[in-house]
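K.L.:
Residue numbers (this note's numbering): 2 to 208.
Just so you know, even glycine gets a beta-carbon here, dropped at the ideal spot from N, CA and C.
What follows is a single structure, and I will ask about it in a moment.
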């Protein structure tokens, strides 16, 4: 792929992540092209239809967040801080864009297998990050990977109204820090008897 073609593809995927988080998978493709700074014809040259674009977005986000998960696992030092940095990176990469794509698309054959493997690889790495934080005694025992994943997904949604994007992003990261502080072991946690929400539980409730 030529440099300019690769650059346009990256711009389109980045814009699509943002628009999907804001408007869902049915967002106008014209809006995605506009935010990417390219024409709609360029979008269709890269992605022949909406399904192809959504699949590419999901694979791109999963790959980027997986790379960050590997970095977090390789980082020496405090496991809770490694978890916090990883969640901030996932928030910045708009991991929330993957949820509606996986929930509403069912690519056939090899494509489905590729998405499944990408999702499972990320889930395994993320579980290891959370497990290390638990084993260090810093993360509350009633907090699971599903809990943390849904926190990031909810915070990735833009504030209602016409807020400045930079402010919106800054507030989301601040609120993630506040929530993480409350998830530290030793806080006054409710006696729920729960071991935390798992990713399997999250997906079981997807309609």
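DSSP three-state label for residue 156, please.
P.N.:
Counting from one through the chain shown, the residue named residue 156 turns up at place 155. It is helical.
K.L.:
Let's test the definition: count the other Cβ atoms within 10 Å of the Cβ of residue 48 and tell me whether it reaches 16, buried, or not, exposed.
P.N.:
Along the chain shown, read from residue 1 onward, the residue named residue 48 stands at position 47. With 16 or more other Cβ atoms within 10 Å, it is buried.
K.L.:
Report the partner residues of residue 179 according to the DSSP bridge assignment.
P.N.:
Counted from its first residue, the chain shown places residue 179 at position 178. Its beta-bridge partners do not exist; DSSP assigns none.
K.L.:
Using the C-alpha atoms, what's the distance from residue 150 back to residue 57?
P.N.:
Reading the chain shown from its first residue, position 56 is the one you call residue 57. Reading the chain shown from its first residue, position 149 is the one you call residue 150. When rounded, the distance between both Cα atoms is 21 Å.
K.L.:
For the stretch 168-186 against the stretch 134-153, do three or more pairs of beta-carbon atoms, one drawn from each stretch, fall closer than 8 Å, so that the two count as touching?
P.N.:
Contact between the stretch 168-186 and the stretch 134-153 is present, because at least three Cβ pairs lie under 8 Å.
K.L.:
By the three-class DSSP mapping on this structure, what secondary structure does residue 140 have?
P.N.:
Against the chain shown, residue 140 aligns to sequence position 139. If DSSP states are grouped into helix, strand and coil, residue 140 belongs with the strands.
K.L.:
State yes or no: is the C-beta of residue 74 within less than 9 Å of the C-beta of residue 126?
P.N.:
The sequence position of residue 74 within the chain shown is 73, counting from 1. The sequence position of residue 126 within the chain shown is 125, counting from 1. Taking 9 Å as the Cβ cut-off, residue 74 and residue 126 qualify as a contacting pair.
K.L.:
Can you give the Cα-Cα distance for residue 152 and residue 177, rounded to whole angstroms?
P.N.:
To locate residue 152, count along the chain shown from 1; it is residue 151. To locate residue 177, count along the chain shown from 1; it is residue 176. Rounded to the nearest angstrom, the two C-alpha atoms are 8 Å apart.
K.L.:
How many Å lie between residue 31 and residue 22 at the Cα?
P.N.:
The sequence position of residue 31 within the chain shown is 30, counting from 1. The sequence position of residue 22 within the chain shown is 21, counting from 1. Cα-Cα distance, rounded: 16 Å.
K.L.:
By Cβ distance below 8 Å, which residues in the same chain neighbour residue 36 in space, the five residues on each side in sequence not counted?
P.N.:
If you number the chain shown from 1, residue 36 lands on position 35. Closer than 8 Å at the Cβ level, and outside the excluded window around residue 36, lie 16, 19, 20.
K.L.:
Could you give the distance in angstroms between the alpha-carbon of residue 201 and the alpha-carbon of residue 124?
P.N.:
By one-based count along the chain shown, residue 201 stands at place 200. By one-based count along the chain shown, residue 124 stands at place 123. Taking the straight line joining both Cα atoms gives about 10 Å.
K.L.:
May I ask you to list the residues that DSSP assigns as paired with residue 1?
P.N.:
Nothing in the structure corresponds to residue 1, since the chain is present only between 2 and 208.
K.L.:
By alpha-carbon positions, which one of 87, 10, 65 ends up nearest to residue 38?
P.N.:
Residue mapping note: residue 38 aligns to position 37 of the chain shown, counting from 1. Considering only alpha carbons, the answer is 10.
K.L.:
Roughly how many whole angstroms lie between the Cα atoms of residue 168 and residue 79?
P.N.:
By 1-based counting over the chain shown, the position of residue 168 is 167. By 1-based counting over the chain shown, the position of residue 79 is 78. So the alpha carbons of these two residues sit roughly 29 Å apart.
K.L.:
Residue 147 by DSSP, collapsed to three states: which one?
P.N.:
The count along the chain shown starts at 1 and reaches residue 147 at position 146. Helix at residue 147.
K.L.:
Per DSSP, what kind of secondary structure is residue 222 in: helix, strand or coil?
P.N.:
Since the displayed the chain opens at 2 and closes at 208, residue 222 lies outside it and no answer follows.
K.L.:
Only counting the same chain, and skipping five residues up and downstream in sequence, which positions put a Cβ closer than 8 Å to that of residue 34?
P.N.:
If you number the chain shown from 1, residue 34 lands on position 33. These residues qualify, in order along the chain: 13, 16, 40, 41, 43, 44.
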